[in-house]
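Take a look at the structure below.
Residue numbers (the working numbering): 492 to 961.
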């Protein structure tokens, strides 16, 4: 759908949660594409890193009022915090003044005789403003039932491999300890689910040893999402057959518990089918956290959640005493929650990195640079020997070939290096012109002309190089 929209080159592009269900490579590709796009873009997203990389203006709908903020999400956050602090202070002052005026108007007979019409009018205005005030939306009050404490080692894998027609996991080694927060990162279809099942003992490896820890109680976010009964009421979904729920040894009424997740009491007997996508995810989290578990497996938990809920969920998982496995492409969420990353390296290879996503990115870049340098060094040593042999052979060949050529052919051959050099310069100039995003805002015929010219030059270079090598 996105490709179809971009082919038509619209003046305005509307995107609704474009990063949902995209892997990280696809998200980064989309960011580059949108940053080079010349039209206007209006998009809705919960992905804070995506907002920071793409947005130049944030428009917020807050309590029925639209407000616009220049800059990206990080800039908006700073300004919004200042606004909320100022609003809170102003409301406190207004409430204090209203209380004083209410005391004054209820004074005795003498005070009522002398009270001014203007002061009474001000009191009425304060009452009206107080009644019309809409407080900021409440925050979810989350709590996790952490269950019994697991053993110190949650899982130990030594040279584990698993294949389904092709290698999914190859010689993977890792030890997961109690309290670890592990993020899994890889493109769609890489095998993240298979790796998780190996870690948790759901499936057995083809080779290697996978050992599960003791006293493990696992709660899966993805499994509950698949089993969502849209006809069930919210209460029945959270606590089937009972009005009470137990969180960390404390009994709580199901309506009160749902209220902690911003579901009004009158909605608790409504069917799940009446909920929006974000509300359904909130309900799934409510059920997940109501179950005693010391290991949480969260598969893309941030999809359709609002940013306030994301912030609170991050804090909750940071404070959680159990172990967390998190499959997510939300870079900010990974940075704020996980203590290590297991990333897909290709061909069934998985590598563990300490820290969050940004730490992984830095370590990966250094590792790739070191590998490339070592490979280049080995290749250069081998190539230098071959080059010397090749140069000697080439000199002998050119001497023999040149002696067989006519005077005209010898003159043509002598001119070829200079011709190739001039063609390379033209190729560089045209490539730089076509690489400039500004050119695509102008005449489309110019772009076609430059591309055709570049193709012709590249063909001439290929023919000249072939002639020189002969």
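Where a beta carbon is used, it is the ideal one built from N, C-alpha and C, also for glycine.
The model shown is predicted, which means the values in this text are computed figures rather than measured ones.
For residue i, which of helix, strand or coil comes out of DSSP?
i           : result
residue 511 : coil
residue 767 : coil
residue 893 : Residue placement at residue 893 is flagged as unreliable, the pLDDT there being 49, under the threshold of 50; the coordinate-derived value follows with that caveat. It is helical.
residue 499 : coil
residue 619 : helix
residue 750 : helix
residue 647 : strand
residue 664 : strand
residue 676 : strand
residue 697 : coil
residue 504 : strand
residue 759 : coil
residue 652 : strand
residue 800 : helix
residue 532 : strand
residue 851 : helix
residue 705 : coil
residue 538 : coil
residue 773 : helix
residue 681 : coil
Applying the 10 Å Cβ sphere with the 16-neighbour rule, what's the burial state of residue i?
i           : result
residue 520 : exposed
residue 947 : exposed
residue 735 : exposed
residue 858 : exposed
residue 725 : buried
residue 530 : exposed
residue 510 : buried
residue 919 : exposed
residue 972 : Residue 972 lies beyond the stretch modelled for the chain, which goes from 492 to 961, so this question has no answer here.
residue 503 : exposed
residue 792 : buried
residue 539 : buried
residue 833 : buried
residue 450 : Since the first residue of the chain shown is 492 and the last is 961, residue 450 is not available in this structure.
residue 942 : exposed
residue 821 : buried
residue 552 : exposed
residue 646 : buried
Based on the DSSP output, what are the partners of residue i in its beta bridges?
i           : result
residue 561 : 548
residue 719 : Answer is none; residue 719 lacks a bridge partner.
residue 742 : 737
residue 845 : 831
residue 790 : 818
residue 837 : 840
residue 724 : 762
residue 996 : The question about residue 996 has no answer here: the residues shown for the chain are numbered 492 through 961.
residue 657 : 655
residue 556 : 553
residue 710 : 787
Between the C-alpha atoms of residue i and residue j, what's the straight-line distance to the nearest angstrom?
i           : j           : result
residue 533 : residue 505 : 5 angstroms
residue 580 : residue 587 : 11 angstroms
residue 803 : residue 914 : 60 angstroms
residue 795 : residue 773 : 9 angstroms
residue 601 : residue 758 : Its pLDDT being 49, under 50, residue 601 is placed unreliably by the model, and nothing is read from it.
residue 798 : residue 839 : 34 angstroms
residue 545 : residue 518 : 11 angstroms
residue 814 : residue 571 : 34 angstroms
residue 831 : residue 565 : 25 angstroms
residue 851 : residue 692 : 26 angstroms
residue 569 : residue 507 : 25 angstroms
residue 644 : residue 702 : 9 angstroms
residue 704 : residue 817 : 19 angstroms
residue 526 : residue 837 : 28 angstroms
residue 730 : residue 642 : 29 angstroms
residue 762 : residue 743 : 21 angstroms
residue 811 : residue 747 : 22 angstroms
residue 714 : residue 498 : Low confidence applies here, because residue 714 scores a pLDDT of 46, under 50, leaving its location unreliable; read the following figure in that light. Roughly 37 angstroms separates the two Cα atoms.
residue 769 : residue 862 : 43 angstroms
residue 806 : residue 819 : 16 angstroms
residue 501 : residue 664 : 49 angstroms
residue 842 : residue 667 : 13 angstroms
residue 683 : residue 908 : 53 angstroms
residue 711 : residue 866 : 42 angstroms
residue 955 : residue 921 : 19 angstroms
residue 864 : residue 741 : 59 angstroms
residue 903 : residue 952 : 15 angstroms
Using a threshold of 7 angstroms, is the CB atom of residue i nearer than that to any non-hydrogen atom of the ligand HEM?
i           : result
residue 777 : Among the components modelled here there is no ligand, and therefore nothing to report on the ligand HEM.
At least three beta-carbon pairs within less than 8 angstroms, the region 846-855 to the region 817-831: yes
Inter-stretch contact at 8 angstroms, needing at least 3 Cβ pairs: the region 697-707 / the region 643-655: yes
Stretch pair the region 672-679 + the region 512-531: three plus CB contacts closer than 8 angstroms: yes
The region 754-768 contacting the region 779-787, beta-carbon criterion three pairs below 8 angstroms: no
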